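For the sequence shown, the positions run 521 to 1214 when the working numbering is used. Have a look at the structure below before the remarks.
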Amino acid sequence: MLFLGTQAKEAFLQIESRSAFAFAAVFACFFLFSTVALADYGVTYQGRLLKPDGEPVEASNVQFRIQIRTPADDSDCLMFEEVQTKDLLASKGLFAISIGDGTATTLNTEPFSLAEVFRNQRTVGFPAGKCTVSSSANLGETAHRQILVWFNDGSFSGWEALPPQQINFVPMALEAVTVGGHKPSNFFSVVDSGVVQTMTPWTSVGYQKLLDLVTNTTISGGNASIGGNAAGFTGSLSGDVTGSQGATKVERIQNRAVLDVTPADGQVLTWNNASSRWEPGTPAGGGGGGVPTGNAGGDLTGTYPGPTIAANAVTATKIVDEAVTLTKLQKASADGQVHRFDGTDWQFAKLHYRDLINNTSGTPWPIADCSAGQAIVWQSATDSFACSSITIGSANITDGSIVTADLADGSVTDAKIASVAVNKITSGTGLYLTYAPDGVACLTGQVLKKTSNGWECGADNSNSGTVTSVSGTAPIAVATGTTTPVISLNAAGVANSHLAADAVTSAKILDGTIVDADIAAGTITASKLATSVTDGLWTASGGDVSRSTGRVGIGTTSPSSTLHVAGELTISNRLQNDSDSTLILRSARVMDTNKWGMTFETNDAGGTPQTRFNIRRDDIVAYTKFIANDGIYGGSGAGSDLVLDSSLQTTKGDVLINPLGGNVGIGTGTPGAKLDVAGQIRATHICAADGTNC
């Protein structure tokens, strides 16, 4: 429990009010309490507000602003602040405020809960603007706090401050019977010679090590067993094993000493009963242990220490399955030999054909010798070979495989020859066929002709046939010299010597063959043009050339008007319409949504033109004219009118003058306002821009 440290019960404090009212506050007590039912601490601040005349303050909406700060002489930093509103009607000025109970109208926004506000033995840093002395508060174990309270009962503006109070520990708070309901005996403490020691607080890492030790340690029968591995061990060992981590030493075995000497090669650890210790020693020979001596027995033969395996000692049961590899087998003496049993022993030899057997374990070979000309033939039905005569039929002879050397002279008779196909006759140098139809041989120059009797000799008097071969000499080239030849003149052309005079006519020249580069300048005159070319198209008269119909395209192959120039057009003098119709100059897309425009540009060519752009009629009644001083004029005569109209329709639009800025002058060339009139203005009504006089 904590109390206000300086005030006495029923003490009166006089306070000046900015609203010219004076108040007195009587403070009864200040409590800090905690119960099991509350999740946080609660602080009760009680008192009484009296007016200077002794009457209590009884308002329905009295606000209290409460701050808890660090000691004023140390840092004076804000740790907690909230605003509460209390109803003091019929309270006789008494009030009780539970700080931090969640009923504040303006909750605490500082980073400390009420429990943390009163925690000592630490150093706390504060952001800028939270302290008046130092931005770091050193809170010792008995450091106090300040409580500052302001109030406003609604009869004045701002806050009236009450005197600051200190929150100190009461004597009983220095010696607690329990902490959170636990007695001192419930806590771990370090006692030395009956005195409880003050220990340095543990870090989280140190506390985790204690948890790991408790978790991995098992105690049974007075023996402690620590789990984990050597990497987690620290400290010193004692007993049979001494030393520290990474430098352990076995000095005893089951509490019996081990002699600390370096053993020699072949020595073993032996027990010296006389010295009652373990020590290195050389084992004795013979049956008493150590290296064996004498004759070997069993599967071994010879004497120790170098016996060998006895003959026939390695049986099939002594060899592990698949343990004998090819490298362990003896090599044969020649290619093709196998490991073959000859009835007595295993030998390296090649297989004999008589070693083969069939599926009945019998020999597959014929029992009797084959006759001359017979061959060994496999018979799948008996799984054996049999002697069989060879019969060669026509199906067994490949076409064209029998040559002249295979036939005996005179062996092929007329009866043996059937219809002989051409592909059955072997051709070669010096080989000729003699054909004598009906017993009469053909004469020189005759050919075979098909008749009703067959092929007969006859004269070659046919004037038609198929070309089979074509060749040519320069300048004629033959691309394909077969039945479909392609004949052309080579790139060098045809020399004059190859052509007869007047041989090249118009019909001889392929249309489109002669290009511009082939015609010399001035070669084609008007007289060279055929009448079929000039009639109805162009007419020459002196230096003029004219055409009565059609269209002329310059820069385009598809003219859309009488004269279509795809590009710029330069006119030295003027463009004139000689007919009684309107001369129209317009962009091709002036009527569509893109609103393409038209630009007129002029050049004075160094002179002083009177008119840059002039639209007028012959009678000069009205015209639009742009001269050196740009402008639009209604006519050239005195008193001519200028009419500006938005359209020719009944419903009119607006006429805009300088819509993007500038001034308009009437009767003056230097307007000084949006509308500058040098003279009188006549109007039926003038309305100001601010809406007056309208």
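Glycine residues also receive a C-beta, built at the ideal position from the N, C-alpha and C atoms. Because the structure is a prediction, the values reported are computed rather than measured.
Between ALA784 and the set ASN792, PHE638, ARG772 and PRO800, the nearest pair of CA atoms involves PRO800. Under the three-state reduction of DSSP output, VAL932 falls in the coil class, being neither helix nor strand. Judged by DSSP in its simplified three-state form, ASN916 adopts helix. Counting along the chain, the unbroken beta strand (DSSP E) around THR762 starts and ends at 761–764. Distance from the CA of ALA869 to the CA of THR847, rounded to the nearest whole angstrom, comes to 19 Å. Beta-bridge analysis with DSSP links SER1026 to no other residue. Look at VAL858 here: in three-state DSSP terms it is strand. The three-state reading of DSSP puts ASP1036 in helix, counting H, G and I together. For THR823, the beta-bridge partners assigned by DSSP are ASN815. At a Cβ-Cβ threshold of 9 Å, LEU820 and ARG797 do not count as neighbours. Annotated three-state conformation of LYS729 is helix, per DSSP.
Looking only at ASP593, SER1068, ASP980 and PRO803, the smallest Cα-Cα distance to SER654 is reached by ASP593.
By the Cβ criterion, the stretch 632–650 is not in contact with the stretch 567–576, since fewer than three pairs of Cβ atoms, one from each stretch, lie closer than 8 Å.
In its chain, beyond the 5 residues on either side, ASN736 and THR737 have a beta carbon closer than 7 Å to the beta carbon of ILE746. Within the stretch 829–890, the complete beta strand (DSSP E) segments of 3 residues or longer fall at 858–861 and 866–869, listed in chain order.
When the alpha-carbon of VAL1006 is set against those of VAL990, GLY822 and ALA1020, the nearest one is in VAL990.
Annotation: ASP673 to ILE586 spans about 15 Å, alpha carbon to alpha carbon. Residue nearest to PRO683 within the set SER675, VAL690 and VAL669 is VAL669 (criterion: CA-CA distance). Looking at the backbone, the Cα of ALA997 and that of ALA1041 are separated by about 32 Å. When the beta-carbon positions are compared, ARG665 and GLN641 stay at least 9 Å from each other. Exclusion of the five residues before and after ALA895 leaves SER908 and ILE910 as the residues of its chain whose Cβ lies within less than 7 Å of its Cβ. Per DSSP, reduced to three states, the secondary structure at THR718 is coil, with no helix or strand assignment. Bridge pairing for ILE617: TYR565 [DSSP]. Around the beta carbon of GLY613, 16 or more other beta carbons sit within 10 angstroms, so the residue counts as buried.
For GLY1185, the three-state secondary structure derived from DSSP is strand.
In the displayed model, VAL653 falls within coil according to three-state DSSP, outside both helix and strand. In its chain, beyond the 5 residues on either side, VAL716 have a beta carbon closer than 7 Å to the beta carbon of SER709. Comparing C-alpha distances from GLY622 to each of PHE615, GLU601 and THR837 shows the shortest one belongs to GLU601. Annotated three-state conformation of PRO691 is helix, per DSSP.
Spanning the alpha carbons of ALA657 and CYS597 requires a straight line of approximately 7 Å. Following the DSSP letters along the chain, one finds LEU634 inside the alpha helix (DSSP H) bounded by residues 634–637. Of the candidates SER914, GLY965, ASN878 and TYR952, ASN878 places its Cα closest to the Cα of GLN899. Rounded to whole angstroms, ARG874 and GLY863 show a C-alpha spacing of 15 Å. Taking 9 Å as the cut-off, the Cβ atoms of GLY1173 and SER1166 count as close.
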